[in-house]
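A.B. asks: In the numbering used here, the protein residues as written are -4 to 1089.
Even glycine gets a Cβ: it sits at the ideal position worked out from N, Cα and C.
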Amino acid sequence: MARMSSLAWSVELDLVVADSCFRFGFVGSKSASLPLNSVGQARFRFGEEILKDLTLFLTDLHARRCAKSLFRLAAILAATLSVGSCFVPAVRGTASSDSSSADGKVGSPESANVAIPGPLRPFLRMAGISQKVSPEEVMPFLARNVFVLGYERGSRKEFLILLTRYVQQARELEALAGPDGVIRVSTCEEAKPLLKILGYRTRADCGLRSTFLETADPQRAFLTIDSGFPLPELEKSLQEGRPFAYSFSTSHVPAPPVEIDWTKKGKKADVVDMLLGDPELARFYWALARMDAETLSALRQSHVLKKMFPLATILDFYGSHICIRSGRVVVPGGSAAVPAWKELVAASPDSPEEFILKLLAKDSGWLAAFFDDLSSIPLSQQTHFTEPARLRHFYEMFRGKDFSDAGTGVFRRDAGLLLLVARLRWEPNGDLYVPGNLEVWKNIFRQKTDSKIIRDWGRRAAHWNHPDQLLEALSAISRLPTDTGPLQSYLMLSELDGRRSPEHRLSPETVTLLAGKFSEFSDQYLVFSEFPELNDASIAAFLQVVTSLNGIPKNALRGNAFGTFQGSVGLWQILARQGEIPGAALNDSWQKVIKPFGKIGSSTQLFDAGRTALKDLLLAATGKADASQDKIINLLAGPHQSAPEAQRLHELIANRIRSVLNEQRLVSLDTLLALGDGLREVTQGSVSGNTLLPLAGELREFEMPQPIFRNSEREQWGAGIYNNRHTELQMRTNVAKIIKSPGSPEQLAEARGQLASFLRDTLVGLNYAYYEPPGAQILHHNPLFVRSHDFSGETVSGLERLWRASQLFGAGSPAGGGAHLVGSLADLPYVLATAEQDFIAPQNVQALIWRELVPGLLTNAVVPRWWNVSQNELHAVSLYQQCGEELLAASAHNDEVRDKVMNILSERMIPQRSERVAQALRSGHLPELLSQLMPADTFYLAAEYQRRFPQESNSFGPTGNELATLSNRYPDEVNWKRLSQDFGVPHRVLAQSYTRELLNLPPFPVFMGYASRLLAESWDSNNLYWARLADEKGYSPVMLNRLVPELTRRMVEKIFASDFEDWPALLRAARETGEEFRQGKIVVSSGNDSFSQP
-4 MARMSSLAWS VELDLVVADS CFRFGFVGSK SASLPLNSVG QARFRFGEEI
46 LKDLTLFLTD LHARRCAKSL FRLAAILAAT LSVGSCFVPA VRGTASSDSS
96 SADGKVGSPE SANVAIPGPL RPFLRMAGIS QKVSPEEVMP FLARNVFVLG
146 YERGSRKEFL ILLTRYVQQA RELEALAGPD GVIRVSTCEE AKPLLKILGY
196 RTRADCGLRS TFLETADPQR AFLTIDSGFP LPELEKSLQE GRPFAYSFST
246 SHVPAPPVEI DWTKKGKKAD VVDMLLGDPE LARFYWALAR MDAETLSALR
296 QSHVLKKMFP LATILDFYGS HICIRSGRVV VPGGSAAVPA WKELVAASPD
346 SPEEFILKLL AKDSGWLAAF FDDLSSIPLS QQTHFTEPAR LRHFYEMFRG
396 KDFSDAGTGV FRRDAGLLLL VARLRWEPNG DLYVPGNLEV WKNIFRQKTD
446 SKIIRDWGRR AAHWNHPDQL LEALSAISRL PTDTGPLQSY LMLSELDGRR
496 SPEHRLSPET VTLLAGKFSE FSDQYLVFSE FPELNDASIA AFLQVVTSLN
546 GIPKNALRGN AFGTFQGSVG LWQILARQGE IPGAALNDSW QKVIKPFGKI
596 GSSTQLFDAG RTALKDLLLA ATGKADASQD KIINLLAGPH QSAPEAQRLH
646 ELIANRIRSV LNEQRLVSLD TLLALGDGLR EVTQGSVSGN TLLPLAGELR
696 EFEMPQPIFR NSEREQWGAG IYNNRHTELQ MRTNVAKIIK SPGSPEQLAE
746 ARGQLASFLR DTLVGLNYAY YEPPGAQILH HNPLFVRSHD FSGETVSGLE
796 RLWRASQLFG AGSPAGGGAH LVGSLADLPY VLATAEQDFI APQNVQALIW
846 RELVPGLLTN AVVPRWWNVS QNELHAVSLY QQCGEELLAA SAHNDEVRDK
896 VMNILSERMI PQRSERVAQA LRSGHLPELL SQLMPADTFY LAAEYQRRFP
946 QESNSFGPTG NELATLSNRY PDEVNWKRLS QDFGVPHRVL AQSYTRELLN
996 LPPFPVFMGY ASRLLAESWD SNNLYWARLA DEKGYSPVML NRLVPELTRR
1046 MVEKIFASDF EDWPALLRAA RETGEEFRQG KIVVSSGNDS FSQP
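1. What are the start and end residues of the beta strand (DSSP E) that includes residue 182?
2. State the Cα-Cα distance for the pair residue 638 and residue 1033, rounded to the nearest angstrom.
3. If you draw a straight line from the C-alpha of residue 514 to the C-alpha of residue 479, how long is it?
4. Which residues mark the beginning and the end of the beta strand (DSSP E) in which residue 803 is found?
5. Just list the residues that DSSP pairs residue 379 with in beta bridges.
6. Classify residue 621: buried if its beta carbon has 16 or more other beta carbons within 10 angstroms, exposed otherwise.
7. With 16 as the cutoff for other CB atoms within 10 Å, does residue 177 come out buried or exposed?
8. Does DSSP put residue 84 in a helix, a strand or coil?
9. Starting from residue 1114, trace the alpha helix (DSSP H) both ways and give me its first and last residue.
10. Once the 5 residues before and after residue 341 are set aside, which same chain residues still bring their CB inside 7 Å of it?
11. Whole alpha helix (DSSP H) runs in the stretch 714 to 782 with 4 or more residues, listed along the chain?
12. Tell me the rounded alpha-carbon separation between residue 510 and residue 937.
13. How is residue 1008 classed by DSSP in three states: helix, strand or coil?
14. Which runs of the alpha helix (DSSP H) at least 4 residues long sit entirely within the stretch 100 to 171? Give them in chain order.
15. Between which residues of its own chain and residue 958 is the CB-CB distance below 6 Å, once the five residues before and five after are set aside?
16. Look at the alpha carbon of residue 336 and the alpha carbon of residue 386, and state the distance between them as a whole number of angstroms.
17. Cβ of residue 588 within 8 Å of Cβ of residue 570?
18. Whose CA, out of 454, 669, 652, 488, lies closest to the CA of residue 432?
19. Using the Cα positions of residue 565 and residue 766, report the straight-line distance between them to the nearest angstrom.
20. My output table needs one value for residue 984: the three-state DSSP class, helix, strand or coil.
21. Closer than 8 Å by C-beta to residue 872: which residues in its own chain qualify, once you throw out the five before and the five after it? Chain order, please.
22. Which first and last residues belong to the alpha helix (DSSP H) in which residue 1062 is found?
23. Under DSSP, the alpha helix (DSSP H) around residue 1039 begins and ends at which residues?
24. Have a look at residue 807 and residue 882 and give me their C-alpha separation to the nearest angstrom.
25. Report the rounded CA-to-CA distance for residue 427 versus residue 378, giving the unit in angstroms.
26. Quick check: what's the CA-CA separation for residue 60 versus residue 305?
27. Please report the straight-line C-alpha distance between residue 777 and residue 829, rounded to a whole angstrom.
28. At what residue ranges does the stretch 559 to 590 contain a whole run of the alpha helix (DSSP H), taking only runs of 4 or more?
29. Near residue 466, which residues of its chain fall below 6 Å by C-beta distance, leaving aside the five closest residues on each side in sequence?
30. Just the C-alpha distance for residue 240 and residue 279, rounded to the nearest angstrom, thanks.
31. Whole-angstrom Cβ separation of residue 790 and residue 824, contact assumed at under 8 Å?
32. Measure the beta-carbon distance from residue 401 to residue 359 and round it to whole angstroms, keeping in mind my assumption that it falls under 8 Å.
33. Output the distance between the C-alpha atoms of residue 1005 and residue 821, rounded to the nearest integer angstrom.
34. Relative to the C-alpha of residue 725, which candidate in 317, 748, 643 has its C-alpha closest?
35. Pick helix, strand or coil for residue 670, following the three-state DSSP scheme.
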């Protein structure tokens, strides 16, 4: 399957989109040709132009068939929606926290079932649903797939046609199986009715070993094979004259009891048939199925569901946080915000049916999006937006004058607002945090732009005199589908500035400088966010250097200069992150590394600049200006280790780096630096050129493979994407010839300049090798991958933002030179993970790699290193998770503890999940509950409970007492800041930084464009869970450097999801991986590169 790739400009790219479940993998595909323009636009255009045919009914609902659909809706709700109680703590809502009253009111009715024809496994296979879902998830996922995958411009697609045919075939097989639910065949004659249903027939020699089955009805035969019917066993039984028996009984999935008459004109309706036949109904059901049960019960009793049906798309996107408790709608901001919401919605939360209808309908769904985004953030953040004087004004600015439907498209359209409200910083007096000052942001909004709405706000900016006016402007432009602009500048600069101490905040001049160059260099700013120690002078020096490099006229020299400079900066970043450059030396070392690149006019100057930068980098890290390539590799592998096990692991990682360099056929730094120094000495007459000939010969050791395409074929099949000029120039380099000839000083200097391209490749290769994703193949089997990195845009016409993160080009195109990256080294761990992810083979049949998520998971496993983690830290991470479990156990028998626990957990959960957790605690189903909670849930629960209730240590068990003792004895090791830094993950989009930290957030929804990484960035359970496993198995902390990447790769292999937001599939995969590890099926050693799975 081709990737959804935001690649080349003015290039026609074939995109293959699976007809079912996209990256979750079900048979059948469709090709489309898509012209792409720019990174942000390409991703959004893909969603609007390619994916919209999967959910076209969202924008074209001309055939609602309301009367028919509403009857069907009432039937399905009565048959399938569960009834229970929704736990919404008082601290987040407007009602009391007496959960027992809610229980008594709603209750837990006796369960009923929905009948699925035949065994569940083939039905799930044909319906595009993961085989690992719980029975309760079957009907919601069926509804979801019907409206997402089943229709195109109002007509049924092949996916839905096949599923419908299968359901009919399954019913015929059920009838054939009879009351006992077993299909039995003893003779060829008895097999005929079965074979007719299956679409096959016997030959005249049936009963003989030479016989075989023939296709009689291709459509039925395809269903038979695709659904997994055991046809080979049936054929073998007929050949051998043995009886054949196959269980084919009706399956049942949980649902509440039927409360509404199902009949219409005396004919009973079938739930499955109704969902398959009505996409609007299916979408409405999917939306309601994600709401909590008490809310659904209240809506059903008020008979408002029929009125909500036309708002199904809005309810689907923005309805999961709507919650009714004790007869009231819980609103963001709590009870203090009720009057403001009453005024804004024009209905009281005390009248849920009226409030919810108006909330969903107002302003084409934008008020619902606003409500949902505010409900997704902690109460402490909500209150800033829900103040009576701010709520209406803030919303009206967000809504603006554009009343286009908030439910159009395939993905939610509120990514900008969610990022804004989730990450805004505030001054102690409650005002918006403003990097620089307000005057700076007036000028930023007045910068030249193609956006009319930004220009309008730029004209208004002249009259700003309060930070709230900036907030209004930011909210107004948050709907723009772009990854650049004032909003993105503000989010980046507020994160960058907010991490600094008050006395070292960015000056207004620096903020102006950064914002002015944001569209071009924003991805490069990640280093300043990660290292707030870099001061204004360091930032200004960097921007001065990159601006100078942009001015290099020659394309080849400019590309080599970009690569050498970024390779050097990347090495500095690695060593600084690992603590090998002291904190006090960060500014000085940074400025020395970048300064040599300030004036590059020739290849010779570039080589000398790279040589000088490398010397200064080594001086900062080791105190010595010179070091061999092996020494540099050992520095990259990690700080010096004294323990034998740590030394073995350190050497293992160093060997992996060497392996990548060798397999990329990169010239050794030792050779390049010795040759460069030698050529300088030859010019001075201090050494003979003949002594350099062996070194010069090493430049010729790399040979390009024999071309498999003629030039005419390459122009035909790889036009616009093939360019290997960089490699061709290296192949023509002949330094030995210059050395042998009586060369002039100018010629010898030029020879030294010819080394610049080789130096670039080796420095870039060191960065590639360090960030090698687990399971990588390209780095080891495509020796041109590093050399082919295009820093200057030679391989793609029209590419302008060369300092942005790289994009993958040429995958699957041998005529185009194969896969290579175009762009900068910013965000390299994620880019490499994106390129390598498809080489991880899914374990489950039909499962594919989850493209939107897997690169983020791999990045979270590669960037963190654990050389400086203590055994106490490792044990504390495990204890925190166990303490959370102890609190849950205590809350099962203590109402007071349970309310406190749920108050904490509810901030990480939508109401439906919070309700289910509370219900499981009350009913004592602790083992089942623990398997469904994320490791981060229990970790945060324990940490937050300790913070809020420090005197209630009696709520914990023995593990809590052990953790308290450990924290008291080792406060510097066992504290939140240290654990967050060592076991957190990068948040490139969410926090605009590669700083590792733990953020107490629920899993985010899936968006298109630059916000598509939010789900992976909000999933921080992996490293916490792997650390717990390592502690349980007695591993030392340094072994996490080996364990985490491999366990993450194994987890990725096990992911089997049914939806873009199916985060429970991640939890299942992690738990399965953990169980294998506990059982000894996964063994990791520090002494070699093996990773065994018995």
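C.D. replies: A quick look at the data gives this:
1. For residue 182, no beta strand (DSSP E) segment is defined, and its DSSP state is neither H nor E.
2. Within the model, the alpha-carbon separation for residue 638 versus residue 1033 is close to 10 Å.
3. Distance between the alpha carbons of residue 514 and residue 479: 6 Å.
4. Element bounds for residue 803: 802 to 804.
5. Residue pairing of residue 379 in beta bridges, as defined by DSSP: absent, with no partner found.
6. When all chains shown are included, residue 621 counts as exposed.
7. By the 10 Å Cβ count, residue 177 comes out exposed.
8. Residue placement at residue 84 is flagged as unreliable, the pLDDT there being 44, under the threshold of 50; the coordinate-derived value follows with that caveat. Three-state result, residue 84: coil.
9. Shown here, the chain extends from -4 to 1089; a query on residue 1114 therefore has no answer.
10. In chain order, 353 place their CB closer than 7 Å to the CB of residue 341, counting only its own chain and leaving out the 5 sequence neighbours on each side.
11. DSSP runs (the alpha helix (DSSP H)) wholly in the stretch 714 to 782: 720 to 727, 730 to 735, 740 to 749, 751 to 765, 773 to 776.
12. Using only the alpha carbons, I get a separation of about 40 Å.
13. In this structure, residue 1008 counts as helix in the three-state DSSP scheme.
14. As far as the stretch 100 to 171 is concerned, its whole alpha helix (DSSP H) runs of at least 4 residues are 115 to 122, 133 to 144.
15. In chain order, 874, 878 place their CB closer than 6 Å to the CB of residue 958, counting only its own chain and leaving out the 5 sequence neighbours on each side.
16. Computed Cα separation, rounded: 8 Å.
17. Their beta carbons are not under 8 Å apart, which means residue 588 does not touch residue 570 by this criterion.
18. Nearest C-alpha to residue 432: 488.
19. One C-alpha to the other measures close to 11 Å.
20. Annotated three-state conformation of residue 984 is coil, per DSSP.
21. Contacts found: 934, 974, 978, 1019, 1022, 1023, 1026.
22. From DSSP, the alpha helix (DSSP H) with residue 1062 extends over 1058 to 1073.
23. Counting along the chain, the unbroken alpha helix (DSSP H) around residue 1039 starts and ends at 1035 to 1049.
24. Taking the straight line joining both Cα atoms gives about 52 Å.
25. Between the alpha carbons of residue 427 and residue 378 lies a gap of roughly 13 Å.
26. Below a pLDDT of 50, predicted positions are generally treated as unreliable, and residue 60, at 39, falls in that range; no measurement from the model is reported.
27. Near 16 Å, if we compare the C-alpha coordinates of residue 829 and residue 777.
28. Fully enclosed alpha helix (DSSP H) runs of 4 or longer: 581 to 589.
29. 427.
30. Distance from the CA of residue 240 to the CA of residue 279, rounded to the nearest whole angstrom, comes to 40 Å.
31. Taking 8 Å as the upper bound for CB-CB distance, residue 790 and residue 824 are not in contact here, some 22 Å apart.
32. Distance from residue 401 to residue 359 at the Cβ level is roughly 6 Å; contact confirmed, criterion being Cβ atoms closer than 8 Å.
33. Computed Cα separation, rounded: 15 Å.
34. Per the Cα distances, 748.
35. Secondary structure at residue 670: helix, using DSSP grouped into helix, strand and coil.
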